[in-house]
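Scroll down for the structure; my scribbles are underneath it.
Residue numbers (the numbering used here), protein chains in the order written: chain F, 1 to 254; chain C, 1001 to 1290.
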């Protein structure tokens, strides 16, 4: 990959994201430091995926701002939770991984030998050497997730967003992919991941954001994962009120 | 040499057969790859809907200009694009899914088309618009069909990569900062253009047949996008040729003959194709060791 990347700092100011005016995220604020490795945890419906999507730029905020620093358009590597990927699509593993070069190849540029070699190396790094010519329809769920991680490697982005990347994977695949995440962290990239496995978070993620539509706790993992704040999060998530009033909290002064 | 004569003699002897053949081949070259993308995008039935949507435009063109190629083509093009645009807008702004909004607009469009033709023309005219006459294709019509397939192939070549990506992984295309909306619009425009090219020869009802049948058949022979498109185009052209021969010797109407030939290729592919066909599924060879 190209030199030492500089992780992007992501600053969130008074962010609200709503579905049909009901906020899934309500006046969130805070900062993911450059080069940090953060887990987002919280109960279902807490707005974890919503936050990741807003940072990735695929959801538009109803209020507030997100500053992405060096991670401009095309410089964010985003792995959605349930990707809309057509698993039966007639495309090879290598071509799928090569899409990670999109920022450089775009619509019309050919793939250089170096770029092809990088793709092969990325496949080897995720444990799928010699899978280049296989159609993706023949892969298992775990192998396919490895392919998507290989594509993330090629994207070489300063900001990496992972939405439940290890759900439904076996222990060995999870272990291998976590190892990749730790590599990215060492390289100085900013990584934000939505996770459900608390043991995994405690073991591998230095920073944690506990979310329940609002920020319950945000900081070093041991402090955030205390019993008190987890209980508070469970309490706060369930709040869809059909007849809710318009929110009166002031929008950002920006 | 008798077989040889039999296979090419009609095209040597009759100008209208030659023009029909050239028209069918030009049509097949454009429609085959377009059909492939329709199948990959799970929009097979949308092609059908669009072909109906073209009707009122062609009918209005027919009312204004009589049986004139430019008027009917332009009308069809405009009607198809309007339906595509309106359903696109409804899909974006409301929770209604694309297939439902397309169905709504094409049904309105179809009813409007039949209304116009039946109140202002004879039933013969309606049949003409619905079923086309490839044997009556003249030089301007040939030029139009050839131009459309040229534009189609060039546009597909230029937008191939985002088009494939938009079928395969639209979320990724969005996340790297390229909106899929423009690509989708370009693709729909190409679909409408090819339907307009097709309805001269095959009529609005069957134009889509030369898109869908070869593309669906190709699925049983190849497993890369480019080879699917190539086989689909080849099958479409071959259907045109065999269908014309059939219509000449058996004295059948040319449009249905071409589409039925494509249908026969499809059936053969389903039964005997190299990949995932019924034969390969049920005449199982011993599985490999790894």
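For glycine and all other residues, C-beta sits at the position ideal for the given N, C-alpha and C.
query	result
Mind listing the chain C neighbours of residue 80 (chain F)? Cutoff is C-beta to C-beta under 9 Å, in chain order.	1171, 1172 and 1175
Name, please, each residue of chain F whose Cβ falls closer than 7 Å to the Cβ of residue 1162 (chain C).	107
Consider the Cβ of residue 1168 (chain C): report whether some Cβ of chain F lies at a distance smaller than 8 Å.	yes
Just the chain C side, please: which residues come within less than 7 Å of residue 103 (chain F) by C-beta, in chain order?	1176
List the residues that DSSP assigns as beta-bridge partners of residue 32 (chain F).	F:10
So which of F:110, F:156, F:46 and F:165 has the shortest CA-CA distance to residue 230 (chain F)?	F:46
Residues of chain F with CB under 7 Å from residue 1186 (chain C), in chain order?	Correct list: empty, because the minimum Cβ distance to chain F is about 12 Å.
Could you please give the first and the last residue of the uninterrupted beta strand (DSSP E) stretch that includes residue 84 (chain F)?	Element bounds for residue 84 (chain F): n/a, residue is neither H nor E.
Distance check for residue 1186 (chain C) and residue 1292 (chain C), CA to CA, integer angstroms please.	Past the edges of chain C, shown from 1001 to 1290, lies residue 1292 (chain C), and the structure says nothing about it.
Can you give the Cα-Cα distance for residue 1277 (chain C) and residue 88 (chain F), rounded to whole angstroms?	16 Å
Answer yes or no: do residue 169 (chain F) and residue 200 (chain F) have a C-beta to C-beta separation smaller than 8 Å?	no
Is DSSP giving residue 91 (chain F) helix, strand or coil here?	coil
Identify whether residue 3 (chain F) lies in helix, strand or coil by the three-state DSSP scheme.	Low local confidence applies: a pLDDT of 47 at residue 3 (chain F) is under 50, so the model's placement there is unreliable, and no value is given.
For residue 1038 (chain C), which residues in chain F fall below 7 Å Cβ to Cβ?	Those within 7 Å of residue 1038 (chain C) in chain F number zero; the least Cβ separation is about 14 Å.
Please classify residue 1154 (chain C) as buried or exposed, where buried requires at least 16 other C-beta atoms within 10 Å of its C-beta.	exposed
Residue 1101 (chain C) to residue 1054 (chain C), Cα distance in whole Å?	16 Å
Between C:1086, C:1051, C:1222 and C:1098, which has its C-alpha nearest residue 1076 (chain C)'s C-alpha?	C:1051
So with Cβ pairs under 8 Å, would you call residue 201 (chain F) a contact of chain C?	no
Over the uninterrupted alpha helix (DSSP H) stretch that includes residue 151 (chain F), give me the two end residues.	141 to 155
Nearest to residue 125 (chain F) by CA position, among F:73, F:183, F:162 and F:42, is which residue?	F:183
Starting from residue 208 (chain F), trace the alpha helix (DSSP H) both ways and give me its first and last residue.	Note, residue 208 (chain F): premise wrong, no alpha helix (DSSP H); beta strand (DSSP E) at 207 to 212.
What does the alpha-carbon distance come out to for the pair residue 1245 (chain C) and residue 1008 (chain C)?	9 Å
In whole angstroms, what separates the C-alpha of residue 78 (chain F) from that of residue 1095 (chain C)?	25 Å
Taking residue 1281 (chain C) as part of the beta strand (DSSP E), name the residues at either end of that continuous run.	It is not in any beta strand (DSSP E) - residue 1281 (chain C) instead sits in the alpha helix (DSSP H) that spans 1278 to 1282.
Quick one: grab the DSSP three-state call for residue 1176 (chain C).	coil
Buried or exposed: residue 67 (chain F), going by 16 or more other Cβ atoms within 10 Å of its Cβ?	exposed
Can a CB atom of chain C be found closer than 8 Å to the CB of residue 2 (chain F)?	Reliability fails at residue 2 (chain F), whose pLDDT of 46 lies under 50, so the model's placement of it is uncertain and the value that follows must be treated cautiously. Not an interface residue.
Counting pairs of beta carbons, one from the stretch 1033 to 1043 of chain C and one from the stretch 1213 to 1220 of chain C, are three or more of them closer than 8 Å?	yes
Tell me, please, whether the CB atom of residue 1117 (chain C) is closer than 8 Å to any CB atom in chain F?	no
Does any residue of chain C have a CB that is nearer than 8 Å to the CB of residue 89 (chain F)?	yes
Going along the stretch 160 to 183 of chain F in order, which residues come within less than 7 Å of chain C, judged by CB to CB distance?	none
Would you kindly work out how many angstroms separate the C-alpha atoms of residue 1019 (chain C) and residue 1031 (chain C), rounded to a whole number?	18 Å
Along chain B, which residues have their Cβ under 9 Å away from the Cβ of residue 122 (chain F)?	No chain B appears in the structure shown, which is made up of the protein chains F and C.
In the DSSP assignment, find the beta strand (DSSP E) that holds residue 163 (chain F) and state where it starts and stops.	159 to 163
Closer than 8 Å, Cβ to Cβ, to anything on chain C: give me those residues from the stretch 47 to 62 of chain F, in chain order.	56, 57 and 58
Spatial neighbours of residue 48 (chain F) within its chain, please: CB distance less than 8 Å, with the 5 preceding and 5 following residues excluded, ordered by chain position.	40, 41, 42, 163, 194 and 211
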